[in-house]
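Q: Residues 1347 to 1453 (my numbering) are what the sequence shown spells out, left to right.
Where a beta carbon is used, it is the ideal one built from N, C-alpha and C, also for glycine.
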Amino acid sequence: MKELFRERDLTRVGYCQSILEAAGIPSVVRNETLTGLTEFPIPDFFPALCVVNDDDHARAIEILRERLVTDAAASDEEVACAECGELNPGNFEVCWSCGGAVRPVNL
Ligand SMILES: [Zn+2]
1347 MKELFRERDL
1357 TRVGYCQSIL
1367 EAAGIPSVVR
1377 NETLTGLTEF
1387 PIPDFFPALC
1397 VVNDDDHARA
1407 IEILRERLVT
1417 DAAASDEEVA
1427 CAECGELNPG
1437 NFEVCWSCGG
1447 AVRPVNL
């Protein structure tokens, strides 16, 4: 089992999981039940999407990247990761790629 990314918004994690499911890649969400138990948002406890088979990791990243970039293009809104510079959909708070904080491109 290998983690793909973590994100405070469980809805988005579920969305990504459904994308992988459609692609035939088994995945699980860790920390799902911890959401809401902490008063403060702690990234360690954010829901984390993981592939069941480590061998699927690279392909899963590829599929999600493609889809999320498409989504971001559709919403015409992107933010760059402060850590790795990867572009994320505008409503992401945590980089899907490295887990770092994202910030608006134009700031
Ligand atoms: Zn990043």
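#1: DSSP three-state label for Ser1364, please.
#2: Are three or more beta carbon pairs between the segment 1366 to 1377 and the segment 1425 to 1444 nearer than 8 Å?
#3: Could you tell me the alpha carbon to alpha carbon distance between Pro1393 and Arg1358, rounded to whole angstroms?
#4: With a threshold of 16 other CB atoms inside 10 Å of the CB of Asn1434, please say whether the residue is buried or exposed.
#5: Are the beta-carbon atoms of Asn1395 and Phe1438 separated by less than 7 Å?
#6: Could you tell me which of Asp1401, Cys1444 and Val1415 sits nearest to Gly1436, measuring between CA atoms?
#7: What is the residue span of the beta strand (DSSP E) that Asn1377 lies within?
#8: Do Gly1457 and ligand 1 come close, with the Cβ less than 6 Å from some heavy atom?
#9: Out of Asp1355, Leu1356 and Val1398, which one is the CA nearest neighbour of Glu1349?
A: This is what the structure holds:
#1: helix
#2: no
#3: 10 Å
#4: buried
#5: For the record, residue 1395 in the displayed sequence is Leu; it is not Asn. No, these two residues do not count as a Cβ contact at 7 Å.
#6: Val1415
#7: Unbroken run through Asn1377: none, as it is neither H nor E.
#8: Residue 1457 lies beyond the stretch modelled for the chain, which goes from 1347 to 1453, so this question has no answer here.
#9: Val1398
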